[in-house]
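Peer 1: Please find one structure pasted underneath; my questions will follow.
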Amino acid sequence: MSTFVIEEWYRGNECTIYSIRKDVDNPDAYTEADRFFEKYGSFGNAELEGATKLLLQFVVNEIADVHGAKEVFFNRFEKEAQALPYISGRQVNGVLQIDNFYPGFPLRLYCYRILENIVVLYNGGMKTSQSAQDSKDLSMKFYEAQTYTNKIKNALRDGILSISDSELIDEYGDDELIL
Amino acid sequence: MKSQIVKNMLHDIPEDIKLFSSIYADLMVRISEALVDQDLTKSDLAQKLDKRPSEISKWLNGGHNFTLKSLCKLQVELGVQLITVPQKRKHIDHDFVKAPAESWETKTSKTSCKIVPIAGIKFSQDYKTVVNE
């Protein structure tokens, strides 16, 4: 995978939501989060469109504006019962899925929760089989999410990215984040 | 966000979806905080709720939709308020509400209202209430 930009997608009172822009040279290009919400929000299927609206509302209102990216909103399989994660699914390499508002919720949106006040949204899709990797619409997004997460983790570890309040900045203090 | 479609979608989210999202998030945060405060494990909670640990796992991993019954049980066991339903209504306008005579007595003993008989209809079975402001 070539370089990508981490771009602020929505700034709430409690959490800043970033997303990935694949087209490094075009600042007007949509982020992966925009692509996801636009695609499934106008899919021509009432169930999918309702699910998309619920995800959008949850990310913007509940995570960004009201509660922050509480651990309870994300998978924590390695932990015991101190929380009640209502988002089920697997967590691989720190990549989380926002998915389970009710049984049979049809969409998966991948993301990386860096802190309670910083989340990066990737892309996602429809889950059509038991595992994400076997779902035609999801498998590529799943692997992309792994790559983005690895790069972000490494950049944070190596000081290429750092955190200032609820913002990601690069090593020169710039918010144009190209990895 | 750049997509105008997404901005419009956010602006036009139906009220029931907003409410669901908000209540669900509030509920999960509240329950998780109570569990952390009380230092409860899965087995502790299972024991308190008289459930199998596997069933509790379902709850904790999100593969379960709460029923009103399970929420009430959780509220009691965790000792935190999880649900409230507003009790007091300022205005009740029961047009042509059918109710047995005995429930009329119960109603009048609890609320300050007058019974307005509807012309031509037998009073004990059909009535209209108007709450005194």
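Respectively, the protein sequence lines represent chains U and C. Residue numbering for the first sequence follows the working numbering, beginning at 1106 and increasing consecutively. Residue numbering for the second sequence follows the working numbering, beginning at 692 and increasing consecutively. Each residue gets a CB set at the ideal place from its N, CA and C atoms; glycine is no exception.
(1) Of all the CB atoms in chain U, is at least one closer than 7 Å to the CB of L701 (chain C)?
(2) With distances taken between CB atoms, is the gap from A1156 (chain U) to E1221 (chain U) smaller than 7 Å?
(3) I want to verify the contact list: residues of chain U whose CB lies under 8 Å from the CB of K709 (chain C), in sequence order.
(4) May I ask you to report which of helix, strand or coil DSSP gives T1121 (chain U)?
(5) Within its chain, find whatever has a CB closer than 8 Å to the CB of C763 (chain C); leave out the 5 residues flanking it on each side and keep chain order.
(6) Going by DSSP in three states, N1150 (chain U) sits in which element: helix, strand or coil?
(7) In three-state DSSP terms, what is V1110 (chain U)?
(8) Decide yes or no for the touch test of the segment 1129-1148 of chain U against the segment 705-719 of chain C: beta carbon pairs closer than 8 Å, at least 3 of them.
(9) In chain order, what are the residue ranges of uninterrupted alpha helix (DSSP H) at least 4 long that sit wholly in the segment 1198-1281 of chain U?
(10) Since V727 (chain C) is in the alpha helix (DSSP H), which residue starts that stretch and which ends it?
(11) Provide the residue span of the alpha helix (DSSP H) that contains V697 (chain C), from first to last.
(12) Please report the straight-line C-alpha distance between R1218 (chain U) and D741 (chain C), rounded to a whole angstrom.
(13) If we count the other Cβ atoms within 10 Å of its Cβ and call it buried at 16 or more, is I714 (chain C) buried or exposed?
(14) So, does the CB of D1139 (chain U) fall closer than 7 Å to a CB anywhere in chain C?
(15) Pop quiz: K693 (chain C) and Y1135 (chain U) are said to be a contact at Cβ under 8 Å. What is the actual Cβ separation, rounded to whole angstroms?
(16) Tell me whether E1276 (chain U) is buried or exposed, calling it buried when 16 or more other Cβ atoms sit within 10 Å of its Cβ.
(17) Starting from I696 (chain C), find everything on chain U with Cβ-Cβ shorter than 9 Å and list it in chain order.
(18) Tell me the residue span of the alpha helix (DSSP H) that contains V767 (chain C).
(19) Specify the secondary structure class of F1182 (chain U) as computed by DSSP and reduced to three states.
(20) I want to verify the contact list: residues of chain U whose CB lies under 9 Å from the CB of I774 (chain C), in sequence order.
(21) In this structure, how does DSSP classify R1126 (chain U) when only helix, strand and coil are distinguished?
(22) Is I1283 (chain U) helix, strand or coil when you go by DSSP?
(23) Using beta carbons (cut-off 7 Å, strictly below), is V767 (chain C) in contact with chain U?
(24) Applying the 10 Å Cβ sphere with the 16-neighbour rule, what's the burial state of L736 (chain C)?
(25) Using a Cβ-Cβ cut-off of 8 Å (strictly less than) and excluding sequence neighbours within five positions of M1231 (chain U), which residues of its own chain qualify?
Peer 2: In short, the structure shows the following:
(1) Walking along the second sequence from the start, residue 701 (chain C) turns up at place 10. Yes, L701 (chain C) counts as interfacial toward chain U.
(2) Counting from 1 along the first sequence, the entry for residue 1156 (chain U) is found at position 51. Counting from 1 along the first sequence, the entry for residue 1221 (chain U) is found at position 116. No, Cβ-Cβ distance for A1156 (chain U) and E1221 (chain U) is not below 7 Å.
(3) Within the second sequence, numbered from 1, the residue matching residue 709 (chain C) stands at position 18. Simply Q1162 and N1166.
(4) Against the first sequence, residue 1121 (chain U) aligns to sequence position 16. The answer is strand: DSSP assigns T1121 (chain U) an E or B state.
(5) For the purposes of this step, residue 763 (chain C) is taken as the residue at position 72 of the second sequence. Only I774 meet the Cβ criterion.
(6) Against the first sequence, residue 1150 (chain U) aligns to sequence position 45. Looking at N1150 (chain U) - three-state DSSP - the assignment turns out to be coil, as it is neither helix nor strand.
(7) Looking up residue 1110 (chain U) in the first sequence gives position 5. Three-state result, V1110 (chain U): strand.
(8) Below 8 Å, too few C-beta pairs join the segment 1129-1148 of chain U and the segment 705-719 of chain C to call them touching: fewer than three.
(9) Taken in chain order, the whole alpha helix (DSSP H) runs of length 4 or more contained in the segment 1198-1281 of chain U are 1244-1263.
(10) For the purposes of this step, residue 727 (chain C) is taken as the residue at position 36 of the second sequence. Where V727 (chain C) is concerned, the enclosing alpha helix (DSSP H) stretches over E706 to D728.
(11) For this step, residue 697 (chain C) is matched to residue 6 along the second sequence. Q695 to H702 is the extent of the alpha helix (DSSP H) around V697 (chain C).
(12) Numbered from its first residue, the first sequence carries residue 1218 (chain U) at position 113. Numbered from its first residue, the second sequence carries residue 741 (chain C) at position 50. Using only the alpha carbons, I get a separation of about 34 Å.
(13) Position 23 of the second sequence, counting from 1, holds the residue named residue 714 (chain C). Its Cβ having fewer than 16 others within 10 Å, I714 (chain C) is exposed.
(14) Counted from its first residue, the first sequence places residue 1139 (chain U) at position 34. At least one chain C Cβ lies under 7 Å of D1139 (chain U).
(15) Here the question's residue 693 (chain C) lines up with position 2 in the second sequence. Here the question's residue 1135 (chain U) lines up with position 30 in the first sequence. About 6 Å separates the Cβ atoms of K693 (chain C) and Y1135 (chain U), confirming a contact at the 8 Å cut-off.
(16) Here the question's residue 1276 (chain U) lines up with position 171 in the first sequence. Only exposed fits E1276 (chain U), as fewer than 16 other CB atoms lie within 10 angstroms of its CB.
(17) As a first step, residue 696 (chain C) is located in the second sequence; it is residue number 5 there, counting from the start. In chain order: D1139, F1142, E1143, G1146 and S1147.
(18) Within the second sequence, the letter at position 76 stands for residue 767 (chain C). Annotation: the continuous alpha helix (DSSP H) that includes V767 (chain C) extends over L759 to L769.
(19) Indexing the first sequence from 1 puts residue 1182 (chain U) at position 77. Low local confidence applies: a pLDDT of 34 at F1182 (chain U) is under 50, so the model's placement there is unreliable, and no value is given.
(20) Position 83 of the second sequence, counting from 1, holds the residue named residue 774 (chain C). The contacting residues do not exist; I774 (chain C) stays about 15 Å from chain U at best.
(21) Residue 1126 (chain U) sits at position 21 when you count from the first residue of the first sequence. R1126 (chain U) falls in the strand class under three-state DSSP.
(22) Here residue 1283 (chain U) corresponds to residue number 178 of the first sequence, with the count starting at 1. I1283 (chain U) falls in the strand class under three-state DSSP.
(23) Taking the second sequence and counting its residues from 1, one reaches residue 767 (chain C) at position 76. No, its Cβ sits nowhere closer than 7 Å to a Cβ of chain U.
(24) To locate residue 736 (chain C), count along the second sequence from 1; it is residue 45. Buried: at least 16 other Cβ atoms inside 10 Å.
(25) Looking up residue 1231 (chain U) in the first sequence gives position 126. Within the same chain, M1231 (chain U) has close Cβ partners Y1145, L1153, P1211, L1212, R1213, S1240, D1242 and L1243.
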